[in-house]
Each structure stands twice: as C-alpha cells, then as structure tokens.
Amino acid sequence: MITIDPAIIGQEMSTGDFLATEENIRAFAEATGDTDPLSLDPEAARRAGYPNALASPLFAMKIRGVLALPDAELAPGVVSLNAGLEFEFHDEIHAGRTYAVSVKITDVYEKTGRSGPLGVFVRELLIRDETGRLVVLMRERRMVRSPDKKI
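Going by numbering that gives the first Met the number 0, the residue at position 126 of the sequence shown is 125; the numbering climbs one at a time, nothing skipped.
This is how it looks when you write it as structure tokens:
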C-alpha cells in the first residue's frame, strides 16, 4: 500500500532553506485572520522587544507547504489523509532570518481500521535557526487507504 525505501526511515534529509520575511509573515497572518500587530507590523514587534515581525506559531505550516519532502509513494488508486499533527515550539520565527528545514520519515506501519487495512506513515519536519538550534518540530501522521473501502 505504501512504498518507502527502508533505508530512508529515520534518516534526516535537508529539504532546503526558508527565508522568513515581513511580507510572507504578514500575508500568512492576513490569510488566517490573525490580527496580532506583532505579525502585521514590524515596528510594533520591535517596540515589544522582538528583532522583527514575529510569525504566528502556525506559520510552520507555510514552511511545511514549501519544503515537506520526502513523501511516500502511493500505489495507483490509494488516497492519503491527514491523521494528525503535533507541534513542539522551541523558539519563535522572526522576519529577516533564514531557517534550515529538514524532514525525516520516522515510522511506517499498517493497522486495521473500521474501513479495512490502513497504512500509516509518520514524518517529522524540523526547522532550525542559523545556529542549528531547533525552533519547531512538526510531527505529521498520514493515513493511507484504498478509496474503494467505505467507512
């Protein structure tokens, strides 16, 4: 059901760098209805003691959308569903900084659900600052099943 090279399980792989800018932080805030002036106004963030505009915690989802690889190869006719997200926030994301992003698949297993056999894979997205310190860890579970099986 899921095809993943066993050699990559547990291996952290760089997927690139992400530059947080005042513009992309503001755009994300506006798109999500966030009215926090620390995200919308860099001067307000500086007056509050931050180095620049402060991204909301869920800004990590923007980074995930750009740099969340590797993914599992799915057989034809198989669908993937989000089975949960967990976040660990170790620091804030600020405009003007470049963050190194890496991903690792940590687990792949099968189980039986109400709709029949399910495949599950667990992927972690790690976002680090310029010193290599972990800023955000996002753990994502994806459930895979055949669309022919009905719940």
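Ideal Cβ placement from N, Cα and C applies to all residues, glycine included.
Given the structure is predicted, the values throughout are model-derived calculations rather than measurements.
Residues of its chain near residue i, where Cβ-Cβ distance is below 6 Å and the 5 sequence neighbours each way are ignored
i	result
Ala99	Asp16, Arg127
Pro69	With a pLDDT of 49 at Pro69, under the threshold of 50, the predicted position of this residue should be treated as unreliable, though the coordinate-derived value follows. Result list for Pro69: empty, nothing under 6 Å.
Glu91	Leu53
Pro56	Phe88
Ile24	Ser38, Ala52, Ala54, Ala94
Span of the alpha helix (DSSP H) around residue i
i	result
Ile24	21-31
Cut-off 7 Å between Cβ atoms - residues of its own chain near residue i, not counting five sequence neighbours on either side
i	result
Ala44	Leu37, Asn51, Ala52, Leu53
Ser101	Glu11, Met12, Ser13, Thr14, Leu125
Glu129	Arg96, Thr97
Delimiting residues of the beta strand (DSSP E) encompassing residue i
i	result
Glu42	First-last for Glu42: 41-46, but that is the alpha helix (DSSP H), not the beta strand (DSSP E).
Thr34	Here Thr34 belongs to no beta strand (DSSP E), and DSSP marks it neither H nor E.
Met123	A quick correction: the sequence has Glu, not Met, at residue 123. 115-127 is the span of the beta strand (DSSP E), which, as asked, contains Glu123.
Close beta carbons around residue i, own chain, < 8 Å, minus the five adjacent residues each side
i	result
Thr111	Leu117
Gly131	Ala99
According to DSSP, residues forming a beta bridge with residue i
i	result
Phe86	Met137
Gly15	Val100
Met60	Beta-bridge pairing links Met60 to no other residue.
Tyr108	Val119
Ile8	Ile104
Minimum C-alpha distance to residue i - residue among the options
i	options	result
Lys103	Ile24, Gly32, Arg140	Arg140
Val135	Glu85, Gly9, Glu21	Glu85
Ala82	Gly48, Asp40, Arg122	Arg122
Asp4	Glu42, Thr105, Met60, Asp40	Thr105
Ala6	Val107, Val119, Leu133, Arg138	Val107
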